[in-house]
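To start, the structure under review is shown below, and the notes come after it.
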Amino acid sequence: MLKIFLRRLVCATIIGIIGICIQCYFIILSDTYYKTGDEPLKDRLHEIFKEIPAFMNTPFVNGSIMFFLAITLLRFGLFCPLLLSITILIRIILMLSFIYCIRSFFIYVTTLPCPIPTCQPLKHKTLVENLYTFYLIITAQVYECTDLVISGHTAFTTLLTFFWFFYERNIYVKTTIFLYSIYIYIIIIISRFHYTVDVLMGYVFGGSVFLFYHYLVDVAARRYALNTSVFPQTYGFSGSFTDRFQVFQYFIRAITYLEALDHRMNFALSYDKEWNCFCSCVPVNKNSLLIKKKNVRNEEYYDFSDHFYHSYAGNGTYNLSTIRNIIKEFKRFFGMNKKN
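Using full-length UniProt numbering, read the sequence shown as starting at 1 and increasing by one per residue.
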């Protein structure tokens with residue numbers, strides 16, 4: 001089972017790399033239309049903060065975001081059930097790659113003047129030189145003059161923030177994360193990384209992608225729990241709006257495959273003492289995804305149980321099973337397991 005999820009993680013990583021490369025290429029293309037010295041757009045917050053603080057440079061802003069990424073991966077990578085940790089990482093990669101691909105189009109079709117008029121634009125060169133420029137962009141060793149429309153830094157920060165909002169239970173932790181994300185948005189604007197409108201668009205776009213993606217995950221999980229299939233049971237105008245739109249069906253199937261959602265649901269139907277790290281619910285058995293209930297007219301109907309949601313969305317608590325598994329594998333690799 002673990003091998004299946006790891007293979008899907010590799011697939012998602014490849015998609016993520018492609019998305020990053022597409023964005024880098026369109027950044028280079030957009031920069032070719034920019035001339036150093038073009039007058040920046042009028043921005044109210046830039047007018048308030050006329051001088052950029054000396055410490056608020058590229059490494060400072062990127063470092064603040066990377067710290068946010070580090071604590072997010074630490075929280076949901078080590079303190080969630082192992083399979084959920086892998087799934088969360090897959091979701092982050094897929095949503096980011098989608099955002100990068102979409103914003104690449106926006107960056108190219110409209111070239112905004114850089115907030116810093118002395119910026120030196122990137123040049124479109126040979127394939128090998130462009131690949132090296134990709135590396136410089138990814139490692140933040142160059143400044144992209146026109147990488148502005150829909151702030152990628154903001155969309156990335158928003159995705160991480162929403163993960164804490166939806167996967168973390170502790171309200172104090174959520175509040176701290178919210179305040180830290182506001183801090184990042186502010187320094188992105190003050191440092192002239194982006195115009196204020198870019199940050200606002202990045203927040204709306206990043207949040208919309210997160211909600212849309214998880215809506216489709218919900219639809220896929222419900223379909224599979226009810227019918228052991230993610231295909232709609234009704235087609236055309238006899239079904240819901242989601243069932244009517246064929247593009248949604250392609251997205252749902254792609255998400256199901258890349259997340260191994262069908263394997264996850266099948267796994268949630270089984271029970272084994274070694275699988276308690278999968279979900280905090282006990283017992284884990286075939287009757288736990290759907291439960292019978294009665295309405296006010298004493299009619300029976302099926303509803304989704306807590307375990308159904310925990311199986312693919314977690315329950316917001318801290319789980320040490322991943323750390324235990326890492327220690328167990330470490331001991332096994334170095335032959336440190338005790339012999340019976």
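Where is the CB? At the ideal position from N, CA and C, for every residue including glycine.
Contact under 7 Å by Cβ, residue i with residue j
i, j, result
"residue 149", "residue 187", "no"
"residue 118", "residue 146", "no"
"residue 218", "residue 151", "no"
"residue 251", "residue 216", "yes"
"residue 20", "residue 100", "yes"
"residue 104", "residue 22", "yes"
"residue 16", "residue 97", "yes"
"residue 120", "residue 36", "yes"
"residue 68", "residue 160", "yes"
"residue 155", "residue 90", "no"
"residue 182", "residue 157", "no"
Bridge partner(s) assigned by DSSP for residue i
i, result
"residue 43", "Paired residues: none, contrary to the question."
"residue 294", "300"
Where the alpha helix (DSSP H) containing residue i begins and where it ends
i, result
"residue 244", "241-244"
"residue 172", "171-190"
"residue 268", "261-268"
"residue 310", "306-313"
"residue 227", "196-227"
"residue 343", "As displayed, the chain neither begins before 1 nor continues past 340, which places residue 343 out of reach and without an answer."
Rounded separation between residue i and residue j - CA only
i, j, result
"residue 127", "residue 47", "40 Å"
"residue 129", "residue 312", "43 Å"
"residue 88", "residue 63", "22 Å"
"residue 345", "residue 319", "Past the boundaries of the shown model lies residue 345; the chain is included only from 1 to 340, so the question cannot be answered."
"residue 94", "residue 189", "26 Å"
"residue 177", "residue 238", "43 Å"
"residue 259", "residue 174", "26 Å"
"residue 144", "residue 162", "27 Å"
"residue 253", "residue 304", "21 Å"
"residue 49", "residue 75", "35 Å"
"residue 333", "residue 79", "22 Å"
"residue 248", "residue 335", "48 Å"
"residue 325", "residue 41", "53 Å"
"residue 169", "residue 315", "8 Å"
"residue 231", "residue 243", "9 Å"
"residue 1", "residue 297", "43 Å"
"residue 72", "residue 212", "21 Å"
"residue 77", "residue 167", "12 Å"
"residue 115", "residue 269", "55 Å"
"residue 7", "residue 265", "17 Å"
"residue 274", "residue 227", "A caution first: residue 274 carries a pLDDT of 46, below 50, which makes its placement in the model too unreliable to give a value."
"residue 322", "residue 44", "47 Å"
"residue 261", "residue 221", "7 Å"
"residue 267", "residue 4", "12 Å"
"residue 139", "residue 292", "53 Å"
Pick out the complete alpha helix (DSSP H) segments inside the segment 6-69, 4 residues or longer, and give them in chain order.
-> 44-48, all fully within the segment 6-69.
_Residue ranges of each alpha helix (DSSP H) within the segment 104-167, 4 or longer_ = Complete alpha helix (DSSP H) runs here, min 4: 127-138 and 152-167.
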